[in-house]
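Each residue of the sequence shown is one higher than the last, beginning at 4 in the numbering used here.
Report on the following structure.
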Amino acid sequence: MAIVPINELNDRARDIFRLVVENYLDTGAPVGSRTISQLSGLNLSSASIRNVMQDLEEIGLLAAPHVSAGRVPTESGLRLFVDGMMQVAEPSPEERRAIERGVGESGPIEEVLASASAILSGLSACAGMVLVPRRETVLRQFSFVPLGQGGLGGATQALAVMVGADGSVENRIVDLPPGVGSGALAEAGNYISARLSGLTLAQARDKLAAELVRDRADLDAAARGLVERGLASWSADASERPVLIVRGQANLIDEHASADLERVRQLLEDLEGKQEISRLMEGAMRAVATKIFIGSENKLFSLSGSSVIAAPYRDGEGRVVGVVGVIGPTRLNYARVIPMVDFTAQTLSRLMR
Numbered sequence: 004m005a006i007v008p009i010n011e012l013n014d015r016a017r018d019i020f021r022l023v024v025e026n027y028l029d030t031g032a033p034v035g036s037r038t039i040s041q042l043s044g045l046n047l048s049s050a051s052i053r054n055v056m057q058d059l060e061e062i063g064l065l066a067a068p069h070v071s072a073g074r075v076p077t078e079s080g081l082r083l084f085v086d087g088m089m090q091v092a093e094p095s096p097e098e099r100r101a102i103e104r105g106v107g108e109s110g111p112i113e114e115v116l117a118s119a120s121a122i123l124s125g126l127s128a129c130a131g132m133v134l135v136p137r138r139e140t141v142l143r144q145f146s147f148v149p150l151g152q153g154g155l156g157g158a159t160q161a162l163a164v165m166v167g168a169d170g171s172v173e174n175r176i177v178d179l180p181p182g183v184g185s186g187a188l189a190e191a192g193n194y195i196s197a198r199l200s201g202l203t204l205a206q207a208r209d210k211l212a213a214e215l216v217r218d219r220a221d222l223d224a225a226a227r228g229l230v231e232r233g234l235a236s237w238s239a240d241a242s243e244r245p246v247l248i249v250r251g252q253a254n255l256i257d258e259h260a261s262a263d264l265e266r267v268r269q270l271l272e273d274l275e276g277k278q279e280i281s282r283l284m285e286g287a288m289r290a291v292a293t294k295i296f297i298g299s300e301n302k303l304f305s306l307s308g309s310s311v312i313a314a315p316y317r318d319g320e321g322r323v324v325g326v327v328g329v330i331g332p333t334r335l336n337y338a339r340v341i342p343m344v345d346f347t348a349q350t351l352s353r354l355m356r
């Protein structure tokens, strides 16, 4: 159904529509004509207000969830309200201080971003989300440590230990082919440390492949297989690892959840599938300003009826490196949460300089 532009609504319809949406976002309950007549200074009878609400329902801005239960805004109505009618409020001084205090804490950037996500969750009563900047690990040292002995054939697993150029240390467990001994483990680790140090994982894989093609990799078959397994353990993990930090899922189970448990269950399932949410957040990286996704506008939330507010943050060179935002029901306080998310993104951008 085509939705009429806001400028095609007359003043009476616009005022009643705004009051319905604001009251619904505040209470989460359907709004009746009697409520509007008591809230407003419109000097209209309940019957007149009810007629206007019926007109707004016919053009797709309002809906009646139950017979004689009042009206709620449709997703299209919410979009119209957010884009054309909402009066955005600045974050309060207390909210600004809370965001700046949490984001300004020293420590690894992942911890700072997790703190930003938790703060947004607490302030918005939604789940807070931060898309962490993707980092290319640069190799400095690599080793394999056997795990257990596995009888005469040697260990069946090894711990692959990678030290990055920034001093970071990461471990992965890799399965070993039968018969691989400690000599092959040492040879594989020494090869990576000596020949591939200073390269990113992608560059290391490319160089190894090129040397294998030219038969210039000074490795026996067992060590060669270990080098390939060791590098592959990180490449596969990097492509599958969620880069999304989510905090405050419990906020999604509020006093209204009992009336809509299926929606909440679906939303929590959406959050478990971080790859899909990450792709949605990555779409916000191309946005100039705060991006708002309402309900089924994104197929990911077609069942859960959720909204996402997300804003990109930048590094010292002005490049977008991540996204911060919140996810919650479509009934959230957009006027308050949108500037809160935007301010958090600005604060993170200042931190990245």
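Built from N, CA and C at the ideal position, the CB exists for glycine as well.
Problem set entry | Own chain, CB closer than 7 Å to Ala-338, minus 5 neighbours either side, in chain order | Met-89, Gln-90, Val-91, Ala-92
Exercise. Is it right to say Thr-30 is buried, meaning 16 or more other beta carbons lie within 10 angstroms of its own, or is it exposed?
Worked result: exposed
For this session: Using beta-carbon positions only, say whether Val-106 and Leu-351 come within less than 8 Å of one another.
Result: yes
For this session: Leaving aside the five residues before and after Gly-298 along the sequence, list all residues of the same chain whose C-beta is less than 8 Å from its C-beta, in chain order.
Result: Glu-78, Leu-81, Phe-304, Ser-305, Gly-308, Ser-309, Ser-310, Thr-333
For this session: State the DSSP-derived secondary structure class of Glu-243, mapped to helix, strand or coil.
Result: Residue placement at Glu-243 is flagged as unreliable, the pLDDT there being 48, under the threshold of 50; the coordinate-derived value follows with that caveat. Looking at Glu-243 - three-state DSSP - the assignment turns out to be helix.
For this session: With DSSP collapsed to three states, give me the class of Glu-185.
Result: Per the sequence presented here, residue 185 reads as Ser, with Glu not at that position. Residue state, collapsed to three classes: helix.
Exercise. Is the region 157 to 177 touching the region 284 to 302 in the sense that three or more CB pairs, one from each, lie closer than 8 Å?
Worked result: no
Exercise. Mind checking if Asp-18 is an interface residue toward chain C, Cβ cutoff 8 Å exclusive?
Worked result: The structure shown has no chain C; it contains just one protein chain.
Exercise. For Phe-147, which residues from the same chain have a beta carbon less than 8 Å from its beta carbon, with the 5 sequence-adjacent residues on both sides left out?
Worked result: Ala-161, Leu-162, Ala-163, Val-164, Val-177, Leu-188, Ala-189, Ala-191, Gly-192, Leu-229, Gly-233
Exercise. Should Val-291 be labelled buried (16 or more other beta-carbon atoms within 10 Å of its own) or exposed?
Worked result: exposed
Exercise. Helix or strand or just coil, what does DSSP make of Met-88?
Worked result: coil
Exercise. What residue range is occupied by the uninterrupted alpha helix (DSSP H) comprising Arg-99?
Worked result: 96 to 106
Exercise. Are there 16 or more other CB atoms within 10 angstroms of the CB of Val-216, so buried, or fewer, so exposed?
Worked result: exposed
For this session: Compute the Euclidean distance between the alpha carbons of Thr-140 and Gly-328, then round it to the nearest angstrom.
Result: 26 Å
For this session: Specify, as a first and last residue, the run of the beta strand (DSSP E) that Asp-178 falls within.
Result: 172 to 178
Exercise. Is it right to say Arg-37 is buried, meaning 16 or more other beta carbons lie within 10 angstroms of its own, or is it exposed?
Worked result: exposed
For this session: Under 8 Å by Cβ, that's how I've got Leu-142 and Leu-199 pegged, so tell me the actual separation to the nearest angstrom.
Result: 6 Å
Problem set entry | Own chain residues within Cβ distance below 6 Å of Gly-251, not counting five before or after | Ser-124, Ala-130, Gly-131
Problem set entry | Opening and closing residue of the alpha helix (DSSP H) in which Ala-314 lies | Segment 309 to 317 is the beta strand (DSSP E) holding Ala-314; no alpha helix (DSSP H) there.
Exercise. Going by C-alpha distance, which of Leu-42, Pro-68, Leu-126 is nearest Pro-96?
Worked result: Leu-126
Exercise. For Gly-167, which residues does DSSP report across the bridge?
Worked result: Leu-142
Exercise. Are the CB atoms of Leu-59 and Ile-9 nearer to each other than 8 Å?
Worked result: no
Exercise. Would you say the beta carbon of Ile-280 comes nearer than 7 Å to a heavy atom of the ligand GDP?
Worked result: Annotation note on the ligand GDP: not contained in the displayed structure, which lists no ligands.
Problem set entry | Those residues which DSSP pairs with Ala-290 across a bridge | None; Ala-290 has no bridge partner.
Problem set entry | Nearest candidate by alpha-carbon position, reference Arg-317, set Glu-265, Pro-94, Arg-356 | Arg-356
Problem set entry | Same chain, Cβ closer than 6 Å to Asn-26, neighbours up to 5 away in sequence not counted | Val-34
Problem set entry | Paired residues, beta bridge with Pro-149 - DSSP | Ala-161
Problem set entry | Residue range of the beta strand (DSSP E) that includes Leu-215 | No beta strand (DSSP E) holds Leu-215; the alpha helix (DSSP H) holding it covers 204 to 216.
Exercise. Per DSSP, which one or two residues make a beta bridge with Ile-295?
Worked result: Ile-312
Problem set entry | Through-space distance from Ala-213 to Gln-144, alpha-carbon basis | 21 Å
For this session: Return the CA-CA distance between Leu-204 and Pro-111, expressed in angstroms with no decimal places.
Result: 22 Å
Exercise. What does DSSP give as the partner residues of Gly-331 in its beta bridges?
Worked result: Ser-310
Exercise. Does the distance from the C-beta atom of Leu-45 to that of Asp-18 stay below 8 Å?
Worked result: yes
Exercise. What are the boundary residues of the beta strand (DSSP E) that Gly-31 is part of?
Worked result: Counting along the chain, Gly-31 falls outside any beta strand (DSSP E), and DSSP gives it neither H nor E.
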